[in-house]
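So the sequence shown is numbered by this note's numbering: it starts at 290 and just counts up by one. Cβ coordinates follow ideal geometry from the N, Cα and C atoms, glycine included.
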Amino acid sequence: MNMMETSAEALLTEVRSRAEALGFELVDLRKRGSGNRLSLQVRIDRPESGLGKGVTADDCATVSRALEAWLDESGALGPRYVLEVSSPGIERPVRWAQHWERFQGHEVRVKLPDRGRVKATIVRLVDDDTVALMLENGEEVTVALEQAQDATLVVDWSQLDRATPKTAN
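What follows is the structure in structure tokens.
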């Protein structure tokens with residue numbers, strides 16, 4: 290069976306399972322482009338990672354080689370594609386139910402219907418499809434995960450400064 294005809298959900302499942310088999314969490318997956326030149330952007334992290342304990346360039350290379358071998362063998366993206374594997378970055382995406390649950394109590398920037406881009410605190414995951422958020426004005430709202438678009442963690446730079454060792458000059 291030609292994988293070119295697989296759904297976005299099947300691609301997500303395949304990439305997630307391959308990352309997890311190597312000991313990494315899939316944080317984000319974006320398929321862009323069309324026709325002859327598709328681009329697959331993959332963001333990975335270590336499960337329960339903390340400051341200074343994220344993925345390295347070597348980790349990204351390991352995952353990239355494994356995904357490239359599978360993509361070449363399966364033909365999932367066709368013969369010509371661009372694969373990018375990277376860390377989630379400091380303002381990591383919050384996409385799937387397990388992310389919303391993991392980061393309860395953390396602040397996010399998120400685009401919500403009828404409200405635009407807002408800053409909110411994750412209160413709780415209501416169910417696999419819904420999250421409760423506390424907006425900056427104190428209002429608690431419940432939002433379907435599919436409507437919580439482009440969510441990223443908000444960096445607390447004061448905490449980051451304290452966690453970074455100072456070097457003597």
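On a CA-only basis, which of the options is nearest residue i? Give me that one, please.
i	options	result
Val399	Arg384, Gly364, Val415, Gln438	Gln438
Val371	Ala350, Arg354, Leu329, Gly364	Leu329
Trp359	Met423, Ser306, Glu337, Arg413	Ser306
Ala355	Ala308, Arg413, Arg321	Ala308
Trp446	Glu428, Glu380, Leu424	Glu380
Leu327	Gly367, Ser375, Leu424	Gly367
Gln349	Val331, Val432, Glu337	According to the sequence provided, residue 349 is Cys. The question's Gln does not apply to it. That would be Val331, whose Cα lies nearest to the Cα of Cys349.
Ser375	Thr345, Val383, Ala386	Thr345
Ala299	Ala310, Pro377, Ser363, Leu424	Ser363
What residues are listed by DSSP as bridge partners for residue i?
i	result
Glu429	Met423
Thr441	Pro382, Arg398
Gly322	Leu327
Lys342	Its beta-bridge partners do not exist; DSSP assigns none.
On the premise that residue j lies in contact with residue i, defined as a C-beta separation below 8 Å, what is that separation, rounded to the nearest angstrom?
i	j	result
Thr419	Leu434	7 Å
Val397	Val443	6 Å
Val412	Glu429	6 Å
Work out the CA separation of residue j and residue i for me, nearest whole Å.
i	j	result
Arg404	Asp317	24 Å
Asp334	Val407	25 Å
Glu294	Arg319	Its pLDDT being 43, under 50, Glu294 is placed unreliably by the model, and nothing is read from it.
Asp347	Leu401	36 Å
Met290	Pro336	With a pLDDT of only 33 at Met290, under the threshold of 50, the placement of this residue in the model should not be trusted; the figure read from the coordinates follows. About 33 Å.
Glu303	Gly322	20 Å
Glu425	Trp389	18 Å
Ala440	Asp417	16 Å
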